[in-house]
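In what follows, a structure is listed as structure tokens, so that the remarks can point back to it.
Chains as they are written, first to last, in our numbering: chain A, 58 to 301; chain B, 2 to 304.
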């Protein structure tokens with residue numbers, strides 16, 4: 058974990074709700090796909106956690122959807138604005154847990170950490186297949202980004218207005234060695250029910266500190282109590298106890 | 002440079018800045034960020050006799066100038082704390098530490114204190130009779146002067162080390178409870194614990210916290226804490242640790258002027274993990290600005 062001041066290098070809307078934010082600064086503490094950052098936003102007391110979508114030596118990228126006060130403020134940030142950020146939080150994905158041909162299953166902005174994961178898996182000569190789920194055609198984003206990495210990419214929309222019709226789970230009926238998933242909990246639970254292969258899930262819970270001190274995000278798992286911020290946010294599919 | 006040291010129940014602290022229980026774990030998360038030996042001391046995570054999983058999620062809510070928590074005393078139980086956590090703590094922190102203790106009966110408070118009293122790293126026992134987030138224990142001892150005195154007496158019999166009783170603000174007359182604890186033998190008092198509070202989610206139209214209510218902390222409660230420290234200072238002669246919403250060196254000085262011998266910071270650590278270190282660094286210059294040579298001489302200075 059590291060604290061630093063980052064400068065907004067880019068804040069670009071991808072559609073009506075989702076934006077892509079690139080923050081420039083010392084990103085050296087961001088080590089693994091699946092890790093997250095905590096942003097301090099003007100006039101909000103608690104920091105806000107976001108999965109890292111991509112990184113290089115002097116910047117990292119997040120994708121966010123406007124869902125409340127924090128993300129509304131974030132959408133309004135301008136190039137050159139500064140943000141206080143805690144970086145390098147959480148455990149991140151295990152790049153070997155999904156085998157050589159893993160499914161990367163993302164629901165909405167849940168696809169964010171899977172993008173960097175896909176990049177790292179491609180570097181390791183694995184063959185990830187991205188299954189990206191959205192509600193409708195106007196929600197779709199980042200399809201081309203995954204394709205540009207050389208990743209086979211399947212898009213589903215619930216209303217059938219783009220790509221395959223139905224939930225992302227309906228695209229899972231294909232050969233795979235394992236999976237990585239991030240998205241709404243109902244989606245991740247359904248994903249786990251659709252396969253008997255090993256998988257890793259990135260969970261999202263209301264947090265206090267984000268670095269393991271306050272016990273604000275502890276969940277019961279089949280491997281005992283785990284703090285989502287410190288022992289997660291990535292848990293293996295077998296250890297999650299679904300509350301929904 | 003001014004003198005930052007204070008004396009808490011016969012043990013000298015290099016400075017009065019103490020991270021509050023439940024916001025600093027057992028120290029080692031923060032020790033990865035900075036050398037926590039710059040702290041006066043710290044109060045480790047509240048400990049009960051048996052392991053506690055804590056409350057269901059969500060446990061955290063936000064408000065304009067602070068946060069609500071309803072963690073519910075999650076901890077591995079006193080024996081696991083002594084066996085697993087304190088050896089790790091001892092590697093990163095080399096000063097006497099405050100052991101924070103909670104319980105659901107007088108006997109439990111006494112037993113947990115007895116076991117922690119025997120640990121060499123422990124300098125003080127802080128007895129939490131004010132947790133608003135558990136049922137049938139915690140705060141119920143802190144809202145009745147007789148019960149507060151009974152816990153204090155039992156703990157004093159069980160332990161040789163100085164006993165700090167942590168008081169609840171969720172009472173009509175905090176000075177009365179403080180007086181009862183002093184009469185029962187408390188060596189010091191810490192106040193305030195969090196203020197019982199509520200937030201409702203407009204989307205679900207239900208309380209945000211699974212526990213319905215939670216404890217409010219952060220800058221929102223600072224003036225309230227200051228007023229209570231003032232009142233308790235007038236009522237007792239034992240030292241007071243002031244806490245509630247402190248987030249700057251100026252706040253530390255203000256709290257000491259109200260009557261505090263030392264201070265604790267809670268929520269501030271969660272937002273800025275360097276908060277305590279930054280305040281310790283800022284104290285000498287702030288003291289100079291206000292013509293203060295010796296911090297310990299401030300205690301109660303505004304009365």
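C-beta: ideal position from N, C-alpha, C; glycine also.
Since we're looking at a predicted model, the values are computed, not measured.
If you check each beta-carbon in the region 33–52 of chain B against every beta-carbon of chain A, the ones closer than 7 Å belong to 33 and 34. Note that the C-beta distance between residue 156 of chain B and residue 142 of chain B is not below 7 Å. In the three-state scheme derived from DSSP, where H, G and I count as helix and E and B as strand, residue 167 of chain A is classed as helix. Here the alpha carbon of residue 241 of chain A sits roughly 52 Å from the alpha carbon of residue 161 of chain B. From the listed residues A:130, A:232, A:267 and A:222, the smallest Cα separation to residue 209 of chain A is found for A:232. For residue 201 of chain A, the enclosing alpha helix (DSSP H) stretches over residues 200–205. Using a Cβ-Cβ cut-off of 7 Å, residue 55 of chain B counts as an interface residue toward chain A, since at least one Cβ of chain A sits closer than that to its own.
Here residue 292 of chain A is bridged, per DSSP, to A:258. Judged by DSSP in its simplified three-state form, residue 232 of chain B adopts helix.
Looking at A:199, A:266 and A:270, the one whose alpha-carbon comes closest to that of residue 119 of chain A is A:199. Using a Cβ-Cβ cut-off of 7 Å, residue 276 of chain A is close to 58 of chain B, given in chain order. Proximity to residue 153 of chain A across A:298, A:301 and A:293 peaks at A:293, based on C-alpha coordinates.
Here residue 190 of chain B is bridged, per DSSP, to B:166 and B:241. Put simply, the CB of residue 161 of chain A is far from chain B, with every gap to its CB atoms at 7 Å or more.
With contacts defined as CB atoms closer than 7 Å, residue 170 of chain A and residue 91 of chain A qualify as a contacting pair.
The alpha carbon of residue 89 of chain B has as its nearest neighbour, out of B:27, B:148 and B:45, the alpha carbon of B:27. Contiguous alpha helix (DSSP H) elements confined to the region 84–171 of chain B occur at 87–93, 107–118, 140–143 and 146–159, taking only those with 4 or more residues. When DSSP reads this structure, residue 25 of chain B sits in no beta bridge, so it has no partner. DSSP places residue 229 of chain A outside both helix and strand once states are collapsed to three, so it counts as coil. Taking the Cα positions, residue 182 of chain A is about 17 Å away from residue 237 of chain A.
A direct Cα-to-Cα measurement between residue 154 of chain B and residue 117 of chain B gives close to 17 Å. Taking one beta carbon from each stretch, the region 54–69 of chain B and the region 85–104 of chain B have fewer than 3 pairs nearer than 8 Å; the two do not touch. Nearest C-alpha to residue 187 of chain B among B:77, B:80 and B:237: B:237. Closer than 7 Å to the CB of residue 262 of chain A there is at least one CB belonging to chain B. Taking the Cα positions, residue 234 of chain B is about 26 Å away from residue 123 of chain B. Note on geometry: alpha-carbon atoms of residue 273 of chain B and residue 70 of chain A lie some 29 Å from one another. Residue 245 of chain A is outside the set of residues whose beta carbon lies under 7 Å from a beta carbon in chain B. Cβ neighbours of residue 194 of chain A within its own chain (closer than 7 Å, five residues either side excluded): 214, 218 and 219. Looking at the backbone, the Cα of residue 243 of chain A and that of residue 228 of chain A are separated by about 16 Å. Straight-line spacing of the CA atoms in residue 251 of chain A and residue 82 of chain B works out to 41 Å. Counting the other Cβ atoms within 10 Å of the Cβ of residue 124 of chain A gives fewer than 16, which makes it exposed. At the C-beta level, residue 265 of chain B and residue 19 of chain B come within 7 Å of one another. Taken in chain order, the members of the region 67–86 of chain B whose beta-carbon sits within less than 8 Å of a beta-carbon on chain A are 67, 68, 70, 72 and 75.
At a beta-carbon threshold of 8 Å, the residues of chain A lying near residue 63 of chain B are 101, 102 and 103, ordered along the chain. Bounds of the alpha helix (DSSP H) holding residue 281 of chain B are 276–290. Residues of the region 114–125 of chain A whose Cβ lies closer than 7 Å to any Cβ of chain B: none.
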